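**Student:** Starting off with a structure, shown below.
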Amino acid sequence: MVFFKNKEEGPEKWKEKYLRLLDEQEQSEKQFKANEELLCKTIVRFALAVKGLNRQLDPHLNRIRNLLKSGLQSQQLQHELAAFSAALAKLEDSAETNFADAGLLFEFLGKQYPPLQLRFDHVRDDYENRRFNNNQGLFLALLELIEAENKAQALPALGIELPAGDIDVDAIHIQLIRLLDNAEIPSFFAADAEQLKQRIQNERQPLGRVFDDTISLLLSIKNHLEAEQREMAVFLAALTEQLTELGIRATGVNLAAENSLKKRNLLDRTVSEQIQELKEKAENATQLEPLKQVVSSRLSTISEQIQEHNRREQQERDRVSQEMQALANKLKEMETESGELRSRLDVAQQRATRDPLTGLPNRLAFEDRLADEIARCKRHKSPLTMIVWDVDLFKAINDTYGHKSGDKALVIIAKLLTEHCRQTDFVSRFGGEEFVMLLPDTNAAAGLQVAEKLRNTVQGCSFNANGNKVNITLSGGLSQYREGDSTEALFERADAGLYQAKHSGRNRCVVV
């Protein structure tokens, strides 16, 4: 019995069409999977790019990366991106900075402005209890008090000068220079800061005017850093919005694939039911003509269903293809912007953790490294030795040959310390003329041998300043980590060793 008029309309032809559709659907699913992996990879790269920018953001970034290990989970991912965006909006500068003893500064201000003594005491208490984020915050608080007093009394800002015998001007000069040394000075303001230091050294300048200029410089630095931070926050917020948009688009593509799979399964069931009914009709048929009509009707229905499914599948493929193309273009833009962010973050990281003069890690980087090394000591029960260095008679070099010669001395010392230690050792500029070294896997006795070698190396070096030979020597204090030590305790012992070395004649090392 023949049910089809020609071979092209036979069941083998329908089967071939059906299998081809299955192959096309499988290819579409593979393409979707590849694009999903590309999206995950881009988001992970973004999370890695901004890691370390702010400690408050790192937990959000870690959760985002963990979610992406199992692919795009739209609801959880969108929830975490929203939480990340909220945390980003509250981003604040929590960077710690160096705090110097400001006792002489408050003594000077108390004599200049007796009515403000009580309020100065409150500011001093806040400063000594680290309630200011940085030294610039201290100067701004003082400036607000002084400006308010001047407006009330119609006096020019800091225009009153005490007689020379009422205050130690040299001590105030030293205090201001130390405060400037301990402040984070961006390279853009380095020349202004250097000129201000030289003016402070010139005792003929009115002290009040120098103090005003110091506050003005630090205020400009603060505004500059805040502008950079705002620009970075806006940039990160824009990237977060783009990631959220990508997540929504990827969710739409995923839903489209699920709907397509449901439609294909429905077509499978419908075609199977139709073919099963044809088989039953053929087995029970007693007359040819009614059977032909049934077969023709069922085949026509199956053909229409497959054609309709094929048409809808093609429309869905076109739509998904457009979505995926738009997604791919967006991902390319994101990769470009992520690269730009990575470069900007690298620059910001260098500014935040590097001393601009010597190129060494600064105090902030040292404190992070010290915490890591102490944790390593506890974990592996290995020794750790700290060396605190100080340049002998550094002020005399500045006074005699100028600040440029002092800077040259610091650069030379930084280079010698770096070149004559192990790769595992850590060298940083702590501030002013002080350097700090960490010697992992080294006890105090071995550390003293290293310190003496470095001290002799520096002692044998000199440089020319205006045709004069300038010799450099260092004094060092050493201490080995002891169980239960805090970072402060270890540093204080090494610093006590430095104090003993200084008062024992300089150019020597003492272990405490």
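Its first residue numbered -9, the sequence shown is counted upward by one per residue in the numbering used here. We put the beta carbon where it would ideally sit given N, CA and C, even for glycine. Treat the numbers as computed from the prediction; the structure is a model and nothing was measured.
#1: Look at the alpha carbon of residue 76 and the alpha carbon of residue 478, and state the distance between them as a whole number of angstroms.
#2: If you check the beta carbons only, do residue 95 and residue 188 fall under 9 angstroms apart?
#3: Distance check for residue 181 and residue 107, CA to CA, integer angstroms please.
#4: Quick check on this structure: which residue in 167, 224, 390 and 171 has the alpha carbon closest to the alpha carbon of residue 190?
#5: Should residue 494 go down as buried or exposed, given a rule of 16 or more other Cβ atoms within 10 Å for buried?
#6: Bridge partners of residue 458, per DSSP?
#7: With DSSP collapsed to three states, give me the class of residue 424.
#8: In whole angstroms, what separates the C-alpha of residue 322 from that of residue 355?
#9: What's the gap between the Cα of residue 411 and the Cα of residue 439?
#10: With distances taken Cα to Cα, identify the nearest neighbour of residue 314 among 366, 20 and 471.
#11: Could you tell me whether the Cβ atoms of residue 350 and residue 453 are closer together than 9 angstroms?
#12: When DSSP builds the beta bridges, which residues end up paired with residue 326?
#13: Given this structure, state the Cα-to-Cα distance separating residue 310 from residue 30, to the nearest angstrom.
#14: Would a C-beta distance cut-off of 9 angstroms place residue 445 and residue 466 closer than the cut-off?
#15: Shortest alpha-carbon distance to residue 170 belongs to which of 205, 136, 199 and 178?
#16: Measure the Cβ-Cβ separation of residue 303 and residue 71 and say whether it is below 9 angstroms.
#17: With the cut-off set at 9 angstroms, would you say residue 431 and residue 373 are in Cβ contact?
#18: Can you give me the C-alpha to C-alpha distance between residue 377 and residue 469, rounded to a whole angstrom?
#19: Assuming residue 353 contacts residue 420 under a Cβ cut-off of 8 angstroms, what Cβ separation, rounded to an integer in Å, is found between them?
#20: Give the straight-line distance between the Cα atoms of residue 53 and residue 475, rounded to the nearest whole angstrom.
#21: Locate the alpha helix (DSSP H) running through residue 494, then write down its first and last residues.
#22: How many angstroms separate the CA atom of residue 480 from the CA atom of residue 185?
#23: Compare the C-alpha of residue 399 against each of 13, 347, 357 and 363 and name the closest.
#24: Closest by CA to residue 449, which one among 485, 457, 406 and 471?
#25: Are there 16 or more other CB atoms within 10 angstroms of the CB of residue 369, so buried, or fewer, so exposed?
#26: Could you compute how far the alpha carbon of residue 442 sits from the alpha carbon of residue 384?
#27: Distance check for residue 131 and residue 213, CA to CA, integer angstroms please.
#28: Taking only three categories from DSSP, how would you classify residue 475?
#29: Would the beta-carbon of residue 437 fall within 9 angstroms of that of residue 501?
#30: Assuming residue 496 and residue 382 form a contact by the criterion Cβ under 8 angstroms, report the distance between their Cβ atoms to the nearest whole angstrom.
#31: Which word fits residue 487, buried or exposed, when buried means at least 16 other C-beta atoms lie within 10 angstroms of its C-beta?
#32: Look up residue 499 in the DSSP assignment and say whether it is helix, strand or coil.
#33: Nearest-angstrom Cα distance between residue 215 and residue 307?
#34: Which residues in the same chain as residue 490 place their Cβ atom closer than 8 angstroms to its Cβ, once the five residues preceding and following it in sequence are excluded?
#35: Evaluate residue 396 with the Cβ neighbour count: other Cβ atoms within 10 Å of its Cβ, from every protein chain shown; 16 or more gives buried, anything less gives exposed.
#36: Assign residue 102 to buried or exposed, taking buried as 16 or more other Cβ atoms, counted over all protein chains shown, within 10 Å of its Cβ.
**Tutor:** This is what the structure holds:
#1: The alpha-carbon atoms of residue 76 and residue 478 are separated by roughly 35 angstroms.
#2: Their beta carbons are not under 9 angstroms apart, which means residue 95 does not touch residue 188 by this criterion.
#3: Rounded to the nearest angstrom, the two C-alpha atoms are 34 angstroms apart.
#4: Of the candidates 167, 224, 390 and 171, the one whose C-alpha sits nearest the C-alpha of residue 190 is 167.
#5: By the neighbour-count criterion, in which 16 or more other beta carbons inside 10 Å mark a residue as buried, residue 494 falls on the exposed side.
#6: Under DSSP, residue 458 shares a beta bridge with 455.
#7: Here residue 424 sits in strand by DSSP.
#8: Near 34 angstroms, if we compare the C-alpha coordinates of residue 355 and residue 322.
#9: The alpha-carbon atoms of residue 411 and residue 439 are separated by roughly 12 angstroms.
#10: Distance from the Cα of residue 314 is smallest, within the candidate group 366, 20 and 471, for 20.
#11: Cβ atoms of residue 350 and residue 453: not closer than 9 angstroms.
#12: As far as DSSP is concerned, residue 326 takes part in no beta bridge.
#13: Looking at the two C-alpha atoms, the distance is approximately 18 angstroms.
#14: For residue 445 and residue 466, yes; Cβs fall inside 9 angstroms.
#15: The option with the nearest alpha carbon to residue 170 is 205.
#16: The Cβ atoms of residue 303 and residue 71 do not sit closer than 9 angstroms to each other.
#17: Contact flag set, yes.
#18: About 7 angstroms.
#19: The C-beta distance from residue 353 to residue 420 rounds to 5 angstroms, short enough to fall under 8 angstroms.
#20: Whole-angstrom Cα-Cα distance: 33 angstroms.
#21: In the DSSP assignment, residue 494 falls outside any alpha helix (DSSP H), carrying neither H nor E.
#22: Going by the C-alpha atoms only, they are around 36 angstroms apart.
#23: For residue 399, the nearest C-alpha among the options comes from 347.
#24: Residue 406 is the option with its Cα nearest to residue 449.
#25: Per the 10 Å Cβ criterion, exposed.
#26: C-alpha separation (whole angstroms): 20 angstroms.
#27: Roughly 15 angstroms between the two C-alpha positions.
#28: If DSSP states are grouped into helix, strand and coil, residue 475 belongs with coil.
#29: Yes, they are a contact pair.
#30: Contact holds; Cβ gap of about 4 angstroms.
#31: Residue environment analysis places residue 487 among the buried positions, since at least 16 neighbouring C-beta atoms fall within 10 angstroms of its C-beta.
#32: Strand at residue 499.
#33: The straight-line gap separating the alpha-carbon atoms of residue 215 and residue 307 is approximately 50 angstroms.
#34: Cβ neighbours of residue 490 beyond the five flanking positions: 467, 500 and 502.
#35: Buried is the call here.
#36: Residue 102 is buried by the Cβ-count criterion.
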